[in-house]
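Step one of this worksheet: look at the structure below.
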Amino acid sequence: MTASPHLDTPHADALPPDAPHRAHPRPVDATAPAAAPAPPGYWATVSAVGCSALMLPFSVTGAAVALPSMTAHLGASVSAAQWMLNAFNITFAALPLAAGGLADRIGRRRVLLTGIALVGALSALVALAPSMAVADAARAVQGCGAAAVLASGAAVLANATSGRRRRLAFGVLGTAFGTGLAIGPMAAGALVEAAGWRSVFLLVAALAVPAWLCATRAPESRDPGHPGVDLPGLGCFTAGLGALSFALVRATTAGWTAPGTLLPLAGALLLVALFVVVELRRAGRAMVDVRLFRRPAFLALMCQPFTVTLGFVVLLVHLPAYLQGVGGRSVLTSALLLLPMTAPVLLLPLPAARIAAACSVRTVLTAASVLIVVGALLLTTVRADGSWAALAVPLLPFGAGVGLAFGVMDDAAVGTVPPEQAGAAAGVFNTMRVTGESVAVSGAAALLSTLTAARLDGAGLSPGDAARVAALAVQGRVPDAHHPALTAGLTGALHTLGVVLAVMSAVGAVLTHLALAPGAAPGTDAEAEAEADR
């Protein structure tokens, strides 16, 4: 997914003993010797974390591009195909904080090696899967490995590097994530056309081999004093996320008012409420410090994953299927058409950080949300048979807004809390981001299917058949007999989704602009500080 690795802020005791002194620049000594060579294992460590980081976004984008071909070849049902994405997303979203706690206790390199092995081995299993049921189960375990990589990768880098070399290492890590997002759809499209859908998952398995070998040379580190994994909180959070995803998948074919949809939806709400209660009671041993949400600026920035990355991931997953299905385009062409949206995400984060330093984070984040609003509204002009230029009109401002936000929102979220709470804030932000993306993918599928089915009244289909055919179209499989009706219905549903994304981003822009106003951040308010710490 789009989680930022540098948010996994290491514990203070994990930093080198002289780390605080490096925060103050020293006078330049012309007689000083040249910079010391890289410590043993430095480049192996950087390569390991960079390769493993590249696997994560590709495991999402590549799977989405391969899904239409995969489901057609395996003869999968609508819900089974949807779980190929959801199974990975649920475990990937639910487990990073728990994996981080485990890494602190038993060793960060050990957890990284385990995560890489799981991602690679289970990706190979998906490539060899004889049925979608086997692929779904493998993807769930693969998500566990991805969570372990996300949680431990940055911590391994932070403990193995310092100073200029640490900045270089994290630059490589961020570039790896951006590259996976930007070229993932194109690489997957080329592989599907050249060698079939199985080759997409074999590539991830192949990337895991050098990543694992390099990671064996990384130094080990741990925090024996860490309180351990919050099993009650983890259980409530995972169960709630699973119930919500199940409800959204059921809504795709059974409708929003069916008991099979409403019951798990109610269960998800109860589990989320129970999770908050459990976390408040566990206090310092909690997986998520929910007291941080008392800070308005922090709360506003926690909405950024929903107003910024949510739409980006939704389009990254569902737009290729739309272009392949009702648009009749090839897999590779559909992926290439996403370039106006994905390229800015790779190119703009670094300039965004410099712009924020020159003006303010508030200005950059507000401008980013406005660009996303513009792009989302322009999605109402998208047509299945539209040209590359016509599709670039909405995708370019959308991608530019996401790219700008990626450059500053991570540090902004951490900056709204005192330094001693930075690690907790980083963990919450990553969790919110990956969770939002997980829910967004399944939620958008349900919304697109429901809206498309509602437009098939004149196609001579029963409500159940209309829902099934609409869900197939969302996954890129369009029956020839209903192609015109599905083209009109799914295009209209995509336009409605654009309006929904525009409204969410507009609300996010207003909240961010108000919450980050000078003097509005509660970090400078003594009364708010005392309240948050009670």
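Quick note on my numbering: the sequence shown kicks off at 595 and runs consecutively.
Quick reminder that beta carbons are idealized off the backbone N, C-alpha and C, glycines included.
Taking C-beta separations shorter than 7 Å and ignoring five residues to either side along the sequence, the partners of Pro988 in its chain run Gly969, Leu972, Leu973, Thr975 and Val976, following chain order. A direct Cα-to-Cα measurement between Leu998 and Ser646 gives close to 24 Å.
The residue from Pro1078, Arg811 and Ala891 with its alpha-carbon nearest to that of Leu751 is Arg811.
Between Thr846 and Gln676, the CB-CB gap stays under 8 Å. Taking 8 Å as the cut-off, the Cβ atoms of Leu859 and Leu835 do not count as close. Pairing Val823 with Met1026, the inter-Cα distance amounts to about 18 Å.
Contact between Gly739 and Leu716 holds: CB atoms are separated by about 7 Å, below the 8 Å threshold.
In this model, Ser1043 and Val1068 are separated by some 6 Å (Cα to Cα). When Leu650, Thr901 and Leu1050 are compared, the shortest CA-CA separation from Ala776 is found for Leu650. Counting only residues of its own chain and dropping the five nearest sequence neighbours on each side, Val967 has a CB closer than 6 Å to the CB of Ala1096, Ser1099 and Ala1100. Secondary structure of Asp1059 (DSSP, three-state): helix. For a cut-off of 8 Å, the C-beta gap from Val872 to Gly827 is around 5 Å, short enough to register as a contact. Judged by their CB atoms, Ala978 and Val908 are not nearer to each other than the 8 Å cut-off. In its chain, beyond the 5 residues on either side, Gly739 and Ala742 have a beta carbon closer than 8 Å to the beta carbon of Thr708. Uninterrupted alpha helix (DSSP H) stretches at least 4 residues long and entirely within the segment 695 to 751 occur at 702 to 721, given in chain order.
Only residues of its own chain outside the window of five on either side were considered, and among them Ala805, Cys808, Ala809 and Ala812 have a CB closer than 7 Å to the CB of Ala642, listed in chain order. In the three-state reduction of the DSSP assignment, Val920 falls in the coil class, being assigned neither a helical nor a strand state. Classified as buried, His1076 has 16 or more neighbouring CB atoms from the shown chains inside 10 Å of its CB. The DSSP-derived three-state label of Met780 is helix. Here the segment 769 to 788 lies against the segment 931 to 938, with 3 or more beta-carbon pairs under 8 Å apart. By the beta-carbon neighbour count (other beta carbons within 10 angstroms, threshold 16), Thr851 is exposed.
Out of Thr685, Ala688 and Arg703, the CA that lies nearest to the CA of Val640 is found in Arg703. Rounded to whole angstroms, the Cβ separation of Ala674 and Ala727 is 7 Å, and the two are in contact under 8 Å.
Rounded to whole angstroms, the gap between the alpha carbons of Ala867 and Arg885 is 14 Å. Phe795 and Arg923 have their C-alpha atoms roughly 22 Å apart. Separation of Leu893 and Gly1030 (C-alpha to C-alpha, rounded to the nearest whole angstrom) is 14 Å. Straight across, the Cα-Cα distance linking Leu719 with Val1093 is about 39 Å. Pro853 is classed as exposed because its beta carbon has fewer than 16 other beta carbons within 10 Å across all chains shown.
No Cβ-Cβ contact shorter than 8 Å links Leu1045 with Ala1079.
Its chain contains Ala946, Ile949, Ala950, Leu998, Ala999, Gly1001 and Val1002 as the residues whose beta carbon lies nearer than 8 Å to that of Val958, once the 5 sequence neighbours on both sides are disregarded; these appear in chain order.
By the neighbour-count criterion, in which a residue is buried when 16 or more other Cβ atoms sit within 10 angstroms of its Cβ, Leu874 is exposed. The straight-line gap separating the alpha-carbon atoms of Ala1103 and Val1028 is approximately 20 Å.
Under the criterion of beta carbons closer than 8 Å, Ile700 and Arg792 do not qualify as touching, at roughly 34 Å. Taking 8 Å as the cut-off, the beta carbon of Ser963 is found no closer than this to the beta carbon of Val882.
Distance from the Cα of Val766 is smallest, within the candidate group Thr1081, Ala1064, Gly1086 and Tyr636, for Tyr636. Relative to the Cα of Gly768, the nearest Cα in the group Val713, Pro943, Leu661 and Ala660 belongs to Pro943.
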